[in-house]
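A short worksheet on the structure shown next.
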Amino acid sequence: MFSVPRSFLPGVFVLAALAACKPQDNSAAQVASSSASASAAENAAKPQTRGTDMRKEDIGGDFTLTDGEGKPFSLSDLKGKVVILSFGFTHCPDVCPTELLTYSDTLKQLGGQAKDVKVVFVSIDPERDTPEIIGKYAKQFNPDFIGLTATGDQNLPVIKQQYRVVSAKVNQKDDSENYLVDHSSGAYLIDKNGEVAIFSPYGSEPETIAADVRTLL
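Taking mature numbering (1 follows the signal peptide of the UniProt record, and there is no 0), I'd label the letters of the sequence shown as residues -19 to -1, 1 to 198.
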């Protein structure tokens, strides 16, 4: 498993402002005080997330892949729902099953609110993950999960770039289909307008993810 490179996650930057030692204009001080109060009020009004807030990041976007029934499926088909979007592959021995079980438990945590949430699992291994295989795999964890894979001219590399997903085959001998895929983990929580809002890292508890999902409902 790859941990997501630092450059792929929103950085936290601290700007230290050094003030000159001179008398301060009272009017300027009042403006600064008012601005600080307004900023504090704005932050207090925002729902507090536990994952990484991605709203200011240039990430995500619509895409079309193939679902378990062999039909085209676009992310925009789910507008009006909150989406938990993750990437992986069906031969994954540990990370992917763990994440999908976590997302299933997340829906249980949400109770009746789960009707407004969809989990989408995108294969990064379309060579082996046919529509039928990815569809059945996703539904093993929850019958409402949506499994998607790339077929025909559907451009998975572009989608991976959109969502800053990295992956690479490992332990492959010659042209054997017996290989693993190292890949970035975690899930994106996408709001009802189809915008990436929160990144939930691998290892997050269902209760934590559910709390973040509720801020988007």
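Beta carbons: idealized from backbone N, C-alpha and C, even for Gly.
Sequence-distant residues of its chain with Cβ nearer than 7 Å to residue i (five each side left out)
i	result
P187	T83, D86, T87, Q90
T30	I179, D193, T196
K62	D97, V98, K99, K173
N152	Y160, L161
F122	L81, L82, S85
L198	V63, Q94, D97
Nearest to residue i (by Cα), restricted to the options the options
i	options	result
E176	D163, K60, D155, V103	K60
T132	E113, Y118, V147	E113
S166	S181, D155, N123	S181
D39	Q142, A95, D163, F102	Q142
P138	E80, P74, G32, D106	D106
I190	E80, A119, S57, F122	E80
L66	S185, D58, V76, I171	I171
G42	G184, D58, C77, G51	D58
D76	Y169, D134, H164	In the sequence on display, residue 76 carries Val and not Asp. Among Y169, D134, H164, the Cα nearest to that of V76 is on H164.
K52	S185, Q135, A95	Q135
P74	Y118, P124, V64, D155	Y118
F102	G184, S185, Y169	Y169
V147	M35, L56, F68	F68
I140	D125, P78, L56	L56
K120	S185, D156, M35, P78	P78
Which of helix, strand or coil DSSP assigns to residue i
i	result
T189	helix
Proximity test, Cβ basis, 8 Å: residue i and chain B
i	result
G128	The question asks about chain B, but that chain is absent: this structure has only one protein chain.
Residues near residue i in its chain [Cβ-Cβ closer than 8 Å; skip 5 each side]
i	result
R109	F70, T71, H72, E158
F54	T45, L46, T47, D48, I127, L129
D155	none
Residues near residue i in its chain [Cβ-Cβ closer than 6 Å; skip 5 each side]
i	result
F(-12)	Note that F(-12) scores 44 on pLDDT, short of 50, meaning its location in the model is unreliable and no value can be drawn from it.
S104	F70, D110, I115, T130
Check: residue i C-beta below 7 Å from any heavy atom of the ligand SAM
i	result
D34	The ligand content of the structure shown is nil, which means the ligand SAM is not present either.
* Asked: Considering only residues of the region 134 to 184, which uninterrupted beta strand (DSSP E) runs meet the minimum length of 3 residues and lie entirely inside it, listed in chain order?
  -> 148 to 151, 161 to 164, 168 to 171, 177 to 181
ask   = Curious, which full-length beta strand (DSSP E) runs of at least 3 residues does the region 49 to 127 contain?
value = 53 to 55, 63 to 69, 98 to 104
| field | Inter-stretch contact (C-beta, 8 Å, three-pair minimum) for the region 141 to 155 and the region 123 to 132 | value | no
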